[in-house]
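Undergrad:
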Amino acid sequence: MKTNPWVGLAVLALPTLLIALDVSVLYVALPQLSADLRADATEQLWILDIYSFMLAGFLVTMGALGDRIGRRRLLLIGAAAFGVASIVAAYATSPALLIAARALLGIAGATLMPSTMALIRNMFPDPKRMGVAIGVWFSCFMGGMTLGPLVGGLLLEHFWWGSAFLLGVPFMVLLLVTGPILLPEYKPARPEHPIDLASVALSLAAILPVIYGLKALARDGWHAPALAAVAVGVAFGAVFVRRQRILAEPLLDLRLFANRVFSTALGIMLLGGVVMAGLSLLSSLFLQDVAGLSPLATGVRLIPQNVAMVIGSMVAPALARKLPSATVTALGLTLAGLGLLVVTQVESGDAGLLVVGLVLASAGISFPMALTMNLILAAAPPEKAGSAASISETSGEFGIAVGIATLGSLGTLVYRSVLDLPDGAPAAAKSSLTAAVAIADDVPGLLNAARTAFTSGLNVVGAVGAVIFLGLAVAAAVTLRTEPAPVTVDA
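The sequence shown begins at 296 in our numbering and counts up by one.
1) Going residue by residue through the segment 702-774, where are the continuous alpha helix (DSSP H) segments of at least 4 residues, counting only ones entirely within it?
2) Starting from Thr-789 and walking both ways along the alpha helix (DSSP H), at which residues does that stretch end?
3) Tell me which residue opens and which closes the alpha helix (DSSP H) that Ala-625 is part of.
4) Taking 6 Å as the limit between beta carbons, can you name the residues of its chain near Gly-627, skipping five residues before and five after?
5) Check whether the segment 648-659 touches the segment 681-697, counting contact only when three or more Cβ pairs, one atom from each stretch, lie closer than 8 Å.
6) Can you check whether the CB of Leu-582 is closer than 9 Å to the CB of Ala-572?
7) Does DSSP put Trp-517 in a helix, a strand or coil?
8) According to DSSP, is Ala-586 helix, strand or coil?
9) Distance, Cα to Cα, Gly-361 vs Asp-421?
10) Would the beta-carbon of Ile-763 fall within 9 Å of that of Leu-636?
11) Whole angstroms are fine: how far does the CA of Ala-403 sit from the CA of Pro-310?
12) Can you give the Cα-Cα distance for Glu-424 and Thr-639, rounded to whole angstroms?
13) What separation, rounded to the nearest whole angstrom, lies between the Cα atoms of Phe-531 and Leu-499?
14) Tell me whether Pro-545 sits in a helix, a strand or coil according to DSSP, three-state version.
15) Looking only at its own chain, which residues have a Cβ that is under 6 Å from the Cβ of Ser-434, when we skip the five neighbours before and after it?
16) Let me make sure I understand the geometry here. Which of Ala-768, Tyr-710, Val-773, Pro-721 has the alpha-carbon closest to that of Thr-750?
17) Count the other C-beta atoms from every protein chain shown that fall within 10 angstroms of the C-beta of Pro-486, then say buried if there are 16 or more, exposed otherwise.
18) Tell whether a beta-carbon distance below 9 Å holds between Ile-415 and Leu-312.
19) Pick from Met-564, Ala-768, Glu-692, Ala-543: whose alpha carbon is nearest that of Leu-350?
20) In chain order, what residues of the same chain lie with their CB nearer than 6 Å to the CB of Arg-746, ignoring the 5 residues before and after it?
21) With three or more beta-carbon pairs closer than 8 Å as the criterion, would you say the segment 553-562 touches the segment 718-729?
22) Put Ala-387 into one of helix, strand or coil per three-state DSSP.
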């Protein structure tokens with residue numbers, strides 16, 4: 296039975312919306328669940344981080360698995376696992392059980408994102424229509440990120456913290472009921488090839504240590520164990536790449552990277568994630584510790600940037616129907632760069648100007664984020680759509696981790712270099728703005744000096760981000776001028 300692809304897209308919006316809600320709601324629920332489960336600081340970090348570790352680690356494997364066993368089948372398996380893990384998380388009685396449930400959620404989440412994107416690639420073979428579909432998909436994701444804190448706050452006002460995890464269960468039940476009816480199945484015409492388990496192990500050994508090391512660098516600064524973890528991951532990554540080159544049926548087809556459009560689009564997604572993640576981290580700290588806003592007031596001021604991304608992700612595909620994708624992508628990156636130039640002009644306590652810069656940057660970056668996914672999928676042959684989608688999602692996870700670690704560290708470096716400690720101020724005030732705020736009442740002049748120094752760090756990060764975005768705009772205009780031709784993969 297032939298199904299309407301737009302109806303199928305509405306079904307695919309369910310897991311997309313759910314994942315976004317799940318990620319954003321947890322931050323609201325963390326204080327309550329930590330108090331109830333008596334989770335210490337280390338356990339709280341693992342509750343937050345284990346999801347992204349597992350998600351990043353299994354994306355490549357799940358993308359390849361979907362290409363072999365069928366995208367719809369993998370999506371439904373992942374949806375069932377996600378629902379079960381959500382129930383376990385909701386009724387967890389200890390931090391260890393909640394961490395385990397979050398790990399399973401991450402693995403299940405790794406099945407959902409590549410499957411939805413690969414199905415969109417197959418359901419909408421026309422690049423223009425696929426661009427619109429991806430714009431809708433991206434808007435659903437950003438809508439979930441925007442609504443998550445608000446929905447979470449309402450739930451926690453009337454129910455216990457576990458309700459935040461149960462929020463997704465009805466979505467998954469609906470997907471399991473409607474998916475087999477409204478979603479077509481896509482499997483390769485050739486016989487199924489078994490997954491190379493050695494490649495799976497190598498991909499995990501490469502990705503997990505790098506993600507862990509980058510998160511540790513962002514949290515604790517530059518230290519040997521974190522750097523060693525990154526080095527170990529890179530070494531395993533080299534072995535993984537070498538193995539993929541010699542396998543007849545690799546887990547990750549490296550020939551995809553030979554397509555210039557594919558590689559450029561992937562680079563834009565990676566570097567876009569780097570800049571926006573670093574900017575988001577520093578902006579949140581600025582609004583609370585420099586502008587003196589409460590967490591709720593900070594969240595309210597960050598809503599406009601998410602709304603801008605939703606609007607931009609809908610406008611970009613419409614523009615791409617009339618203008619070349621390269622032009623629209625370059626325009627978006629230019630707008631994002633201008634937004635970051637606004638950030639370079641923010642002064643201590645100037646929350647309004649920062650919000651303006653964030654809105655411009657978010658609206659601008661939504662153009663390439665919506666369109667480059669289209670270019671990535673269009674550049675891959677249909678039978679490799681799951682792998683292409685998983686590469687894109689993995690680059691996004693790496694971009695976030697790298698951005699927080701590198702640009703966060705850059706902001707801290709500028710803060711420490713600029714801060715001139717008043718007489719009597721302890722050296723600990725130079726470690727971070729948070730440390731300075733904690734002891735500011737006892738040292739006259741420290742708070743203003745620390746806030747000014749942190750703002751200087753934010754300005755520098757804005758300048759670096761502007762250079763990156765404007766450089767990417769030029770690269771997009773030059774490299775993406777030709778429409779992507781799918782890489783040929785021998786049967």
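A virtual CB, placed ideally from N, CA and C, is assigned to each residue, including glycine.
TA: Let's see:
1) 728-734, 741-774
2) Since the first and last residues shown for the chain are 296 and 786, residue 789 lies out of range.
3) 620-638
4) Gly-659, Phe-662, Pro-663
5) no
6) no
7) coil
8) coil
9) 22 Å
10) no
11) 11 Å
12) Rather than Glu, the amino acid found at residue 424 in this sequence is Arg. If you take the alpha carbons of Arg-424 and Thr-639, they lie about 38 Å apart.
13) 9 Å
14) coil
15) Val-605, Ser-608, Met-609
16) Tyr-710
17) Note on Pro-486: pLDDT 49, under 50, position unreliable in the model; the coordinate value appears next. Exposed, because fewer than 16 other Cβ atoms sit within 10 Å of the Cβ of Pro-486.
18) no
19) Glu-692
20) Val-585, Ser-643
21) no
22) coil
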